[in-house]
Amino acid sequence: MWIVAKYNSKELEVFKKELSDKLDKDVEYYHPKIKIDNTSKVKKFKYILDRYIFCQSKKFLNQKFISSASNLRGLDYFLKDCLNYQDEITKFINFCKTNEDIDGSLKRSFFNFSLKKKYQFISGPFKNLIFNIISKNHKRFEIMLSGKKVFIERNYNNFLSID
Numbered sequence: 005m006w007i008v009a010k011y012n013s014k015e016l017e018v019f020k021k022e023l024s025d026k027l028d029k030d031v032e033y034y035h036p037k038i039k040i041d042n043t044s045k046v047k048k049f050k051y052i053l054d055r056y057i058f059c060q061s062k063k064f065l066n067q068k069f070i071s072s073a074s075n076l077r078g079l080d081y082f083l084k085d086c087l088n089y090q091d092e093i094t095k096f097i098n099f100c101k102t103n104e105d106i107d108g109s110l111k112r113s114f115f116n117f118s119l120k121k122k123y124q125f126i127s128g129p130f131k132n133l134i135f136n137i138i139s140k141n142h143k144r145f146e147i148m149l150s151g152k153k154v155f156i157e158r159n160y161n162n163f164l165s166i167d
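Position one of the sequence shown corresponds to residue 5 (the working numbering), numbered consecutively onward.
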């Protein structure tokens, strides 16, 4: 089972070590990232989900275990109700993994939006509403939402493709 953890700033490695020790190394992590600098010899990355990381273990099926692990060093909190969203979490992780390059960072194809697909808001005031992208430019999308043309910023990332 996958859960989503928010870790303290600059304590990712501390959190991962603490959780791995508590789970006897029976944990898998997924933390999608992008390259932010291609010019230097040292590769620099940025995590696209900021301080959130996916963690997978069979032990997360036990709610008491999650409660006992909620006080680990480096952890802010675990998101609630991850059990109810396993399909969506798995679908998102698989989508990310299919759009990774050799280094494990997301390719540009991850961020391409198609005018032919349907999208659904996953949070915010338009949650669960479905829309099409009519046009796009470098700053914003023009979408058709409930028969009305609406503009949203390109960096507004609270929607997913549904087809």
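We put the CB at the ideal spot given by N, CA and C, even for glycine. Everything numeric in this text was worked out from a predicted model, so none of it was measured.
I'd like to know whether the C-beta atoms of residue i and residue j end up nearer to each other than 9 Å.
i: Lys120; j: Ile166; result: no
i: Ile52; j: Leu133; result: no
i: Phe96; j: Ile7; result: no
i: Cys100; j: Phe114; result: yes
i: Phe163; j: Ile138; result: no
i: Ala73; j: Lys21; result: no
Select from the options the residue whose C-alpha is nearest the C-alpha of residue i.
i: Ile93; options: Ser71, Asp107, Gln60, Phe114; result: Gln60
i: Asp107; options: Lys48, Phe117, Lys63, Asn136; result: Lys48
i: Ile2; options: Asn66, Pro36, Ser74; result: Nothing can be reported for residue 2: it is not among the residues displayed for the chain, which extend from 5 to 167.
i: Phe19; options: Arg55, Lys45, Lys50; result: Arg55
i: Asn88; options: Glu15, Gln67, Lys45; result: Gln67
i: Phe135; options: Gly128, His142, Asn141, Ser150; result: Ser150
Using a Cβ-Cβ cutoff of less than 6 Å, which residues in the same chain neighbour residue i once the five nearest sequence positions on both sides are dropped?
i: Glu157; result: Arg144
i: Val154; result: Ile147
i: Lys50; result: Ile38, Ile40
When DSSP builds the beta bridges, which residues end up paired with residue i?
i: Phe96; result: Per DSSP, none; premise fails for Phe96.
i: Lys140; result: Phe145
i: Tyr51; result: Lys37
i: Phe64; result: Per DSSP, none; premise fails for Phe64.
i: Val154; result: Ile147
i: Ser24; result: For Ser24, which the question treats as bridged, DSSP gives no partner whatsoever.
i: Ile7; result: Cys59
i: Glu104; result: Leu110
i: Gln124; result: Ile134, Leu164
i: Glu32; result: Gln60
Only counting the same chain, and skipping five residues up and downstream in sequence, which positions put a Cβ closer than 7 Å to that of residue i?
i: Phe64; result: Met5, Ile7, Ile70
i: Asp105; result: Lys111
i: Asn103; result: Leu110, Lys111, Ser113, Phe114
Excluding the five sequence neighbours on either side, which residues of its own chain have a C-beta within less than 8 Å of the C-beta of residue i, listed in chain order?
i: Lys62; result: Met5, Asp30
Check: For the 8 Å Cβ check, are there 3 or more pairs between the stretch 65 to 85 and the stretch 9 to 27?
Finding: Segments in contact, yes.
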